[in-house]
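*Asks:* In the numbering used here, each number is its position in the sequence shown, counted from 1, plus 395.
Pasting a structure here, questions to come.
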Amino acid sequence: MWHSIRWPARTHRVGSACICRRSRRWGRWPARGLNFVPSILCGSWAGIGEVVAASDALGVAPKAALQTLRKQLGLVALPFDAPWMCTEHVLMWRRDRMLHPALRAFREAARRCEAETMGVKGDPAS
Numbered sequence: 396m397w398h399s400i401r402w403p404a405r406t407h408r409v410g411s412a413c414i415c416r417r418s419r420r421w422g423r424w425p426a427r428g429l430n431f432v433p434s435i436l437c438g439s440w441a442g443i444g445e446v447v448a449a450s451d452a453l454g455v456a457p458k459a460a461l462q463t464l465r466k467q468l469g470l471v472a473l474p475f476d477a478p479w480m481c482t483e484h485v486l487m488w489r490r491d492r493m494l495h496p497a498l499r500a501f502r503e504a505a506r507r508c509e510a511e512t513m514g515v516k517g518d519p520a521s
């Protein structure tokens with residue numbers, strides 16, 4: 396999964412790892428199914444890491460996959476742990492870039508969504 400405020404400029408470098416669907420939307424919900432299908436699909440965690448490294452995209456991966464991506468691509472993990480979360484999340488971005496406001500907003504939205512799912516009352520960030 397990835398998130399970016401604009402299309403990755405150097406995605407052609409990872410064209411073999413990712414499939415781009417020509418669309419102005421971020422993705423779609425299938426007619427029969429509950430899983431969101433993003434506009435870019437990557438067949439491996441390495442593909443996601445390459446998109447993040449080549450752009451201002453945000454990647455989400457399990458911690459085990461992130462260890463390899465850190466070594467190979469120089470990505471860093473944004474600590475994203477909270478006791479109320481029912482799943483573990485890792486947010487990745489380039490070490491030499493500042494944390495983008497869109498990433499901050501995404502992080503807070505994910506925390507709120509998870510808190511609502513778990514039925515937590517109050518501010519989940521506190």
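Backbone N, C-alpha and C define an ideal beta-carbon position, used for all residues, glycine too.
Name the two residues that bound the continuous alpha helix (DSSP H) containing R465.
*Replies:* Start and end: 458-468.
*Asks:* Can you give the Cα-Cα distance for A448 and P457, rounded to whole angstroms?
*Replies:* A448 and P457: Cα-Cα distance of roughly 17 Å.
*Asks:* Using the three-state DSSP reduction, which class does V471 fall into: helix, strand or coil?
*Replies:* Of the three classes helix, strand and coil, the one that applies to V471 here is strand, per DSSP.
*Asks:* So the candidates are A510, A504, G469; which of them puts its Cα closest to the Cα of R492?
*Replies:* R492 has its Cα closest to that of G469, out of A510, A504, G469.
*Asks:* Tell me whether the beta-carbon of R465 lies closer than 9 Å to the beta-carbon of A472.
*Replies:* Yes, the Cβ-Cβ distance between R465 and A472 is below 9 Å.
*Asks:* Need the endpoints of the beta strand (DSSP E) that G454 sits in, please.
*Replies:* 453-455 is the span of the beta strand (DSSP E), which, as asked, contains G454.
*Asks:* Is it right to say C506 is buried, meaning 16 or more other beta carbons lie within 10 angstroms of its own, or is it exposed?
*Replies:* A small fix is needed here, since residue 506 is Arg in this sequence, not Cys. Buried, since its Cβ has 16 or more Cβ neighbours within 10 Å.
*Asks:* How would you write the range of the beta strand (DSSP E) that L494 sits in, first residue to last?
*Replies:* Note, L494: premise wrong, no beta strand (DSSP E); not H, not E.
*Asks:* Closest to R489 by CA distance: which of I435, E445, G438 is it?
*Replies:* The residue with the shortest Cα to Cα distance from R489 is E445.
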